[in-house]
Amino acid sequence: MSPMSLKTVAVRSFAAAFVSAASLTAAGPAHADPVAPFPLAPNDCDWIIFNTDDVIQQDNGLQVHVSWAGMDGGGTGSYRGAQGYDWSGPVDGGIVKGTNNLDFTIAFHEQAGPYNQGPSPHAPTNHYTGTIDNETSAHGTTVNDSGVSNAWTMAGDFRCIARAPAS
390 MSPMSLKTVA VRSFAAAFVS AASLTAAGPA HADPVAPFPL APNDCDWIIF NTDDVIQQDN
450 GLQVHVSWAG MDGGGTGSYR GAQGYDWSGP VDGGIVKGTN NLDFTIAFHE QAGPYNQGPS
510 PHAPTNHYTG TIDNETSAHG TTVNDSGVSN AWTMAGDFRC IARAPAS
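So the sequence shown is numbered by the numbering used here: it starts at 390 and just counts up by one.
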């Protein structure tokens with residue numbers, strides 16, 4: 390090969406490498422859609438309950454106060470119901486291990502009621518299921534033992550803790 394043809398090969402090789410590298414780092418069009426949907430939460434973390442006291446806001450206006458017993462659930466739930474009855478009960482469940490899902494039940498019993506009001510109303514049991522989102526808040530559905538369903542939300546009181554690598 391002549392010295393001129395070696396120089397031509399070198400220039401062409403450099404140009405090809407430069408164009409390839411530039412095409413890998415160039416931004417796509419602003420309207421490009423992701424190839425796959427983004428997950429709601431990282432899949433390499435364990436979620437914990439960060440706050441000890443939370444409020445579940447139900448879409449029927451009910452506010453259930455939850456005092457968590459630990460980082461994964463348990464504790465006590467309470468609320469003020471209709472006609473001045475106060476209800477509380479143990480929280481059974483919490484965060485489903487290894488997921489960003491919540492699954493817990495509160496079996497309420499009467500704490501206090503209006504004086505001389507007659508017989509107490511039925512003590513409800515609510516089953517809550519939901520998802521922790523990437524903003525560290527949660528939302529879901531609750532169904533009580535009478536079959537009534539409500540949507541609920543809870544403010545950002547969850548944290549993602551990186552999982553230890555598998556051994």
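Note that CB positions come from ideal geometry on N, CA and C, so glycine has one too.
Return the CA-CA distance between residue i and residue j, expressed in angstroms with no decimal places.
| i | j | result |
| --- | --- | --- |
| residue 467 | residue 526 | 20 Å |
| residue 528 | residue 492 | 11 Å |
| residue 456 | residue 482 | 13 Å |
| residue 502 | residue 524 | 38 Å |
| residue 459 | residue 444 | 16 Å |
| residue 608 | residue 498 | Summary: the structure shown does not reach residue 608, with the chain confined to residues 390 through 556, and so no result is reported for it. |
Which whole-angstrom value is the C-beta distance of residue i and residue j, which I expect to be below 8 Å?
| i | j | result |
| --- | --- | --- |
| residue 472 | residue 541 | Not really, about 22 Å apart at Cβ, beyond 8 Å. |
| residue 438 | residue 546 | 7 Å |
Buried or exposed, going by whether 16 or more other CB atoms sit within 10 Å of the CB of residue i?
| i | result |
| --- | --- |
| residue 449 | exposed |
| residue 464 | buried |
| residue 453 | buried |
| residue 462 | buried |
Could you name the residues that DSSP lists as bridge partners for residue i?
| i | result |
| --- | --- |
| residue 465 | 456 and 479 |
| residue 444 | 454 |
| residue 517 | 493 and 531 |
| residue 435 | 550 |
Give every residue of the same chain whose Cβ lies closer than 8 Å to the Cβ of residue i, excluding the five residues on either side of it in the sequence, and list them in chain order.
| i | result |
| --- | --- |
| residue 436 | 430, 484, 488, 489, 521, 547, 548, 549 and 550 |
Could you pull out every residue in the same chain whose Cβ sits closer than 7 Å to the Cβ of residue i, ignoring the five residues on either side in sequence?
| i | result |
| --- | --- |
| residue 496 | 478, 479 and 514 |
| residue 534 | 513 and 514 |
| residue 416 | In this prediction, residue 416 has a pLDDT of 43, which is less than 50 and means its spatial position is unreliable; what the coordinates show is noted afterwards. Contacts found: none. |
Excluding the five sequence neighbours on either side, which residues of its own chain have a C-beta within less than 6 Å of the C-beta of residue i, listed in chain order?
| i | result |
| --- | --- |
| residue 544 | 526 |
| residue 519 | 491, 527, 528 and 529 |
| residue 441 | 457 |
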